[in-house]
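Notes follow once the structure below has been shown.
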Amino acid sequence: MTGFPILSLMLLVPLVAAVACLVVPREQARSVALIATLIDFVLGVILWANYDIGGAQWQFTESAALFAGFSWKLGIDGIALLLIALTVFLMPVCIGASWTSIDKREGEYYAAFLVMETLMIGVFAAQDLFLFYIMFEAGLIPMYLIIGVWGGADRIYASYKFFLYTLLGSVLMLIAMFWMVNEAGTTDIPTLMAYNFPVEAQTWLWLAFFASFAVKMPMWPVHTWLPDAHVQAPTGGSVILAGVLLKMGGYGFIRFSLPMFPEASAQFAPLVFFMSMAAVVITSLIALVQTDMKKLIAYSSVAHMAIVTVGLFAFNQQGLEGSMLIMLSHGLVAGALFLSVGVIYDRLHTREIARYGGLSINMPYYAVFFLLFTMASIGLPGTSGFVGEFLSLIGIYQISSWVALICTTGIILGAAYMLYLYRRVAYGEQKNADAAAMPDLDKREWAMMIPLAAVVLWMGVYPESFIAPMRKDIAALDARLAQAKPKGDAQPTAGQGTSGKPMAAHNSGHSAAHNAAPEGAH
Amino acid sequence: MHEVPTWVKWAPFAVMATGLLIAWYAYIKNTKFPAAFVEQFGFLYKFLLNKWYFDELYHYVFVVPAMWLGRVFWKVVDQGIIDRFGPNGAASVVALGSRAAAKLQSGYLYSYALVMLVGLVGAISWVIAQ
Amino acid sequence: MDFARSLALTAPEILISVSGLVLLMVAAWGGDKASRRISIASVAVLTACAFLTAPTLWGQAMGPDVSAFGGQHRADAFAAFAKLLIYASAGVTLIIAQPFFDKAKAMRAEFPLLVLFASLGMGMMVSAGDLLALYIGLELNSLASYVLASSLRNNERSAESGLKYFVLGSLASGILLFGMSLTYGFTGTTSFAGINAALSGGLPTGATFGLIFMLAGLAFKISAAPFHMWTPDVYEGAPTPVTTFFATASKVSALGLLMRVSFEAFGSQTQAWQQVVIFMALLSIVIGALGAIGQNNIKRLMAYSSINNVGFILIGLATATRAGASAMLVYIAIYVAMSVAGFVAVLLLRDENGEQVEAISDLAGLSKTRPWIALAMASVMFSLAGIPPLFGFWGKFVVFQAAVQADMIALAAIGIAASVIGAFYYLKVVKVMYFDEAADVVKGTGETSHTVLLVLSTLAISPLGYLGTKCLGTLADYATAALIPVG
């Protein structure tokens, strides 16, 4: 595969198909879109198959000096590979989810989705700072249209909120990028990742990037665009929003904030921890009282993403790997949950939890899938959700046991709101006649559920497939962060307390659990 | 699990045997006994029947406060504070500014000329004051 | 510098003047029936001028070799860059004006002539190397513009806009003239180079007054806040092709002139005008954004948008660096393309009686009834808002990059944050076109020439525009090198 511009091809296919969607008759737009996304999926599989695990850090690199000030430069490492794989995997599902539910202006709808796909892949594949920014920002336009044109009743407010919130978050990042390029003299991301910016400048740069990624992630308290956007977006839009767009925030932290500003990252880690802890507790509790299914899942996304951020700022291999796995898992699971909501929304046209009930009786297969995704969201061992959360929490435990403790409550609350949701929807009496009359999954819905369920289980049972491609890159990032690594309060002793820190004397003879006590100085 | 007194090891068996005895008495030997017991010790029966009221206890200790907190965080914090002073607040400030700008744009020549001259004087004062 | 050489350097100006006078004769004898032929001839003249000018830009002309008439007129690469944009804008104006006035039955033979003479004035403005040449160019342009604004004589709003423009424009000219005389009084020369040399030792208070008055007068022309008040009324009232002309050619020439004055005449005293420019830039961005929000007239919205965009362009000037000046030129070029696309799209909107549709609420559901116009309009809006991947982003990109390079990070941060306010009203137009139910007002069809122009300009502001960044950047650098000599 060397030399063949497969990444550019992956960007080009949806783009061409988007134009095609605008000109073909509207009934055929969805077929064009499905074919294009499937081609991209196949290309994604080829990409993964040819990715040399343990080989060069940046593979499939392409570079062309097409523009002034920046260049067309693509390339992926294992982290980007996984996120691209997630994108191309979810896209056909999104098209499938929209197959019958979109009944107006299909051409434009699928065109917007395909442009979205190009931009998402572009974000993960860009190796040029400004190319990244353009792809990152450009995604606002199609998503704005998707929410605004095909969204629910309150779509206008939601679309504005989504657009302006995220735009305000990211413009300052552009200024920071200018400064960095001016300082380092290059727009090349791999070079910048190794560049040591002056520590005092890092503070401001980090904050500017943080403004963007925190909104995108989203972190508490700048998450309020998400429930509105999720609820109002059509099913396909919600899937892509939860599945991929939120991952751009986490990717941004991994690709930019952490490696480029390690000192500032360490300096601001307490802030991130605070925001994440608040998010875990607050948004989980909010999810508990929601009566709207989509809103519930939206709030649960915020809580899950908070575990990602604590894992990222744990500054160790477990935390970073765990965060990546949560992102992948959440992409699948949240996407699948929105899809599950979409399935019954298409039948009854309401998202009110109280309007359903007892679906396991008339929709047994649906109930099985929904249960699987519910369990994966809770983080049941054997599903994808478990591995990432476990690793992340182990990672953060080494830094701060208190943060780990509070974040773990998120898992408990997560079980509470998800099971509560499931009970109200799938179990109990069939108290609504129209809900009780809904037919079970049809072939199209089976075709969307099966792959998602399969990957959720795969990731839960054998996560090595997903950890292997990124292990080396995570290790490189961890090594990069070593210079700024904060001291942890807990010292897991692995049998004996031999850490060379002042606490060592105190440690010896005690169990690791004892050391988790708060005396571990901050 | 060593160094446990012997009676501890036998305690479960003793409890089991007692239970067996009571069950045999109440459900095989003297089947009127349960009804009599319920009549005599109604509150104890209810207490045991409702699993020591643990569900209710949990409900009031965990579920109700959690739901209440959830609603507070949602309605008061998220919507009442973050949204109100964040995006919606910014939007209303902008709307306010927009109305002020519209008011200034009166359509009258003299007010336009006035603004120009005020701007000019302002700029000169600023530069001279430097 | 001999006289023949000077004449050769001013060839485009001479060509426009002579042909303008000849066409005036044609107009006098042929009457309004000849207007179409005069328009075509004028476009041809402008094209010829563009061909005469282009080699200057390619050839990176600069320095004393290209100074005509004792330094009064400069035919350097900078002037060429601006002139190419001016001629292109004037040509577009003429092409779109003909059908517009035909429909209104108001086409007059002098319309193309006025555009021609205005372009002549503009060309002189951007070529000026002397206060007198500056003023003559400016007034030639302004007088023609006042008449153009009120060229729909039986339309009240058009007449009102012409009058407003005239009165306020005269006030601004007076301010400018006063500033020029003060500058002359304190430096003893009217030539830009002479002023620069005289002020290199320091800036006397009187000259400071002169500088600020001149800046104020020029700020009026570029409609920078707080000298912007005329813009919404004039843009709304003037016939749409004329508004296009104001938004493109007028802007280019006034900004070019402002750059000449700032860098050539007061280049040694940048710190004296930098702060005023920063103030005007930020004020323009905010006022332009705030003012636009409540508007329901698309032309008025474009007027506020132009104020807003001038603010961003002025950020480039505020840096007072070569990179900043180059960024301004790039931004201006992109802005011209965006304005042309925007106004041509507006021109294509007609209701069933063939009247122009200007109310934004009437655009409701345009994406269903006229999907391609809606797409073009949406591109213009996102482009004006500076959202990538549309090309409008590139203008903001280079300007803010220049600001950061000049270490004006706070200015860049405030400016870019304020651009989010602007995004709000651009989104509103898109929302009306795409999200709202069809109002079904837009009925009529446009001319082929309009459609062609719309397609071309929309392609220019589409992401394809990025392929032109290298070329555009190089040309802007050529022009800047002529304006601010290296070393």
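Residue numbers (the numbering used here), protein chains in the order written: chain Z, 588 to 1109; chain D, 88 to 217; chain Y, 34 to 520. Positions of the beta carbon are idealized from the N, C-alpha and C atoms, including for glycine.
Residue 49 of chain Y and residue 156 of chain Y closer than 9 Å at C-beta: In contact: residue 49 of chain Y and residue 156 of chain Y (Cβ atoms closer than 9 Å).
Runs of alpha helix (DSSP H) lying entirely within the stretch 70–138 of chain Y, each at least 4 residues, in chain order: Counting only runs of 4 or more, we get 110–137.
Chain-ordered chain Y contacts of residue 236 of chain D [CB-CB under 9 Å]: The requested residue 236 of chain D does not occur in the structure, where chain D is confined to residues 88 to 217.
Own chain partners of residue 942 of chain Z with C-beta closer than 7 Å, once the 5 adjacent residues on each side are dropped: If we look at residue 942 of chain Z and ignore the five residues flanking it on each side, its Cβ neighbours are 935, 1019, 1022.
Chain D within 9 Å of residue 748 of chain Z, Cβ atoms only: Interface residue, yes.
Nonlocal neighbours in the same chain, by C-beta distance under 6 Å from residue 174 of chain Y, ignoring five residues either side: So the qualifying residues of the chain are 151, 154, 155.
Sequence-distant residues of the same chain with beta carbon closer than 8 Å to residue 876 of chain Z, five excluded per side: Closer than 8 Å at Cβ, skipping near neighbours: no residue.
Sub-9 Å separation of residue 753 of chain Z and residue 681 of chain Z beta-carbons: A distance of 9 Å or more separates the beta carbons of residue 753 of chain Z and residue 681 of chain Z.
Integer-rounded CB distance, given that residue 509 of chain Y should sit under 8 Å from residue 438 of chain Y: At roughly 15 Å, the Cβ-Cβ gap does not stay under 8 Å, so residue 438 of chain Y and residue 509 of chain Y are not in contact.
Host beta strand (DSSP E) of residue 427 of chain Y (start-end): Segment 425–438 is the alpha helix (DSSP H) holding residue 427 of chain Y; no beta strand (DSSP E) there.
Assigned exposure category for residue 96 of chain D - 16 Cβ within 10 Å defines buried: Counting the other Cβ atoms within 10 Å of the Cβ of residue 96 of chain D gives fewer than 16, which makes it exposed.
One or two residues paired with residue 1070 of chain Z in a DSSP bridge: Under DSSP, residue 1070 of chain Z shares a beta bridge with no residue.
Terminal residues of the alpha helix (DSSP H) in which residue 507 of chain Y lies: Its alpha helix (DSSP H) spans residues 502–516.
Residue range of the unbroken beta strand (DSSP E) whose run includes residue 660 of chain Z: Run containing residue 660 of chain Z: 659–663, per the beta strand (DSSP E) assignment.
Length of the line joining the Cα atoms of residue 228 of chain Y and residue 214 of chain Y: Cα to Cα, residue 228 of chain Y sits roughly 12 Å from residue 214 of chain Y.
Beta carbon proximity, residue 323 of chain Y to chain D, threshold 9 Å: At least one CB atom of chain D sits nearer than 9 Å to the CB of residue 323 of chain Y.
Partners in chain Z for residue 171 of chain D, counting only beta-carbon separations shorter than 8 Å: Chain Z residues near residue 171 of chain D: none, gap ~10 Å exceeds 8 Å.
Spatial distance of residue 970 of chain Z from residue 919 of chain Z (CA atoms): Each residue's Cα considered, the two are about 11 Å apart.
Inter-stretch contact at 8 Å, needing at least 3 Cβ pairs: the stretch 204–213 of chain D / the stretch 307–314 of chain Y: Contact holds: three or more Cβ-Cβ distances are below 8 Å.
Delimiting residues of the beta strand (DSSP E) encompassing residue 649 of chain Z: Here the beta strand (DSSP E) through residue 649 of chain Z covers 646–651.
Any C-beta of chain D under 9 Å from that of residue 331 of chain Y: For residue 331 of chain Y, the closest Cβ of chain D is not nearer than 9 Å.
When Z:931, Z:975, Z:607, Z:939 are compared against residue 1111 of chain Z, the one with the closest alpha-carbon: Because chain Z is modelled from 588 through 1109, residue 1111 of chain Z falls outside the range shown and cannot be assessed.
is_contact[residue 182 of chain D, chain Z] using C-beta, thresh 9 Å: No, residue 182 of chain D does not count as interfacial toward chain Z.
Chain-ordered chain D contacts of residue 752 of chain Z [CB-CB under 8 Å]: Result: 174.
Burial state of residue 116 of chain Y, where buried means 16 or more other Cβ atoms lie within 10 Å: Residue 116 of chain Y should be labelled buried.
Where the alpha helix (DSSP H) through residue 835 of chain Z begins and ends: It spans 833–839 - the alpha helix (DSSP H) in which residue 835 of chain Z sits, taken as one unbroken run.
Residues of the stretch 790–818 of chain Z whose Cβ lies closer than 7 Å to any Cβ of chain D, in chain order: Against chain D - using a Cβ distance shorter than 7 Å - the residues of the stretch 790–818 of chain Z are 808, 811.
Exposed unless 16 or more other CB atoms sit within 10 angstroms - verdict on residue 1088 of chain Z: Note that residue 1088 of chain Z has pLDDT 45, beneath the 50 cutoff, so the model's placement of it is unreliable and no number is given.
Residue 266 of chain Y - partner residues in DSSP beta bridges: Its beta-bridge partners do not exist; DSSP assigns none.
Buried or exposed by the 16-neighbour rule on C-beta atoms within 10 Å, applied to residue 130 of chain Y: Residue 130 of chain Y is buried by the Cβ-count criterion.
Contact the stretch 591–602 of chain Z vs the stretch 625–633 of chain Z: 3+ CB pairs below 8 Å: Judged by Cβ distances under 8 Å, the stretch 591–602 of chain Z makes contact with the stretch 625–633 of chain Z, as three or more pairs qualify.
Proximity winner among Z:728, Z:775, Z:992, Z:846, relative to residue 1062 of chain Z (alpha-carbon distances): With distances taken between CA atoms, residue 1062 of chain Z lies nearest to Z:846 out of Z:728, Z:775, Z:992, Z:846.
Buried/exposed call for residue 342 of chain Y, threshold 16 Cβ in 10 Å: When all chains shown are included, residue 342 of chain Y counts as buried.
Length-filtered (4 minimum) alpha helix (DSSP H) runs lying within the stretch 313–381 of chain Y: Taking only runs of at least 4 residues, the alpha helix (DSSP H) segments lying wholly in the stretch 313–381 of chain Y are 331–352, 355–380.
Entirely enclosed alpha helix (DSSP H) segments - the stretch 152–186 of chain Y, minimum 4 residues: Under the rule that a run must span 4 or more residues, the alpha helix (DSSP H) segments found entirely inside the stretch 152–186 of chain Y read 164–182.
Rounded separation between residue 671 of chain Z and residue 604 of chain Z - CA only: One C-alpha to the other measures close to 18 Å.
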